[in-house]
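Comments concern the structure below.
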Amino acid sequence: HIAMEPVYTLPKHKGHEIQIAFLIGAVAADFLFDDIQLLELDVPSPPPPSPPPPPNFLLWLDGEGGPKGARANFLAGGTGKMTTDLSSTNAAHEGKYGFEAEVSKVYDKDYHAMITLPAF
């Protein structure tokens, strides 16, 4: 479980699209992702999926029912090697599925292999 400190944006950023990526190419490891939650402080949630998320949630992503816009991206022809399973039972936290990425050979740059979440 990893929790991050709040990230604040300026009023001039209102209306811009945000995309989050986990840069994982710098370390040979098996990465497991599930139950990813992103919320905005003191702002009501947008229209929810079913079931609705708690108030203030901007993104609530788990591996149930497939990747839901999460993607694995890597540099074709790069120095490293990454395999992924975006419906992995090994990566499940509370449900049956999560997102798994295995970096078996390190890339020159960490951003040459990443798991990206859907833009919002």
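So the sequence shown is numbered by the numbering used here: it starts at -9 and just counts up by one. Note that beta-carbon positions come from the ideal geometry of N, C-alpha and C, so glycine has one too.
With a threshold of 16 other CB atoms inside 10 Å of the CB of residue i, please say whether the residue is buried or exposed.
i	result
G55	exposed
I26	buried
T74	buried
V17	exposed
L0	exposed
D98	exposed
T(-3)	The identity of residue -3 in the sequence shown is Val, whereas the question assumes Thr. Under this definition V(-3) is an exposed residue.
Verify whether the separation of the beta carbon atoms of residue i and residue j is less than 8 Å.
i	j	result
K86	K71	no
A81	D24	yes
G68	H102	yes
L76	Q9	no
G5	D100	no
M104	A19	no
L130	L48	What is shown of the chain runs -9 to 110, which leaves residue 130 out entirely.
Along the chain, where does the beta strand (DSSP E) containing residue i start, and where does it finish?
i	result
E92	G88 to K95
Q27	I26 to L29
L0	Run containing L0: none; DSSP gives neither H nor E here.
A19	A19 to F23
R13	With the sequence shown as reference, residue 13 is identified as Leu, and Arg is not the correct amino acid for it. A11 to L13 is the extent of the beta strand (DSSP E) around L13.
Is DSSP giving residue i helix, strand or coil here?
i	result
D75	strand
D100	helix
N46	coil
L51	strand
A62	strand
I8	coil
T69	coil
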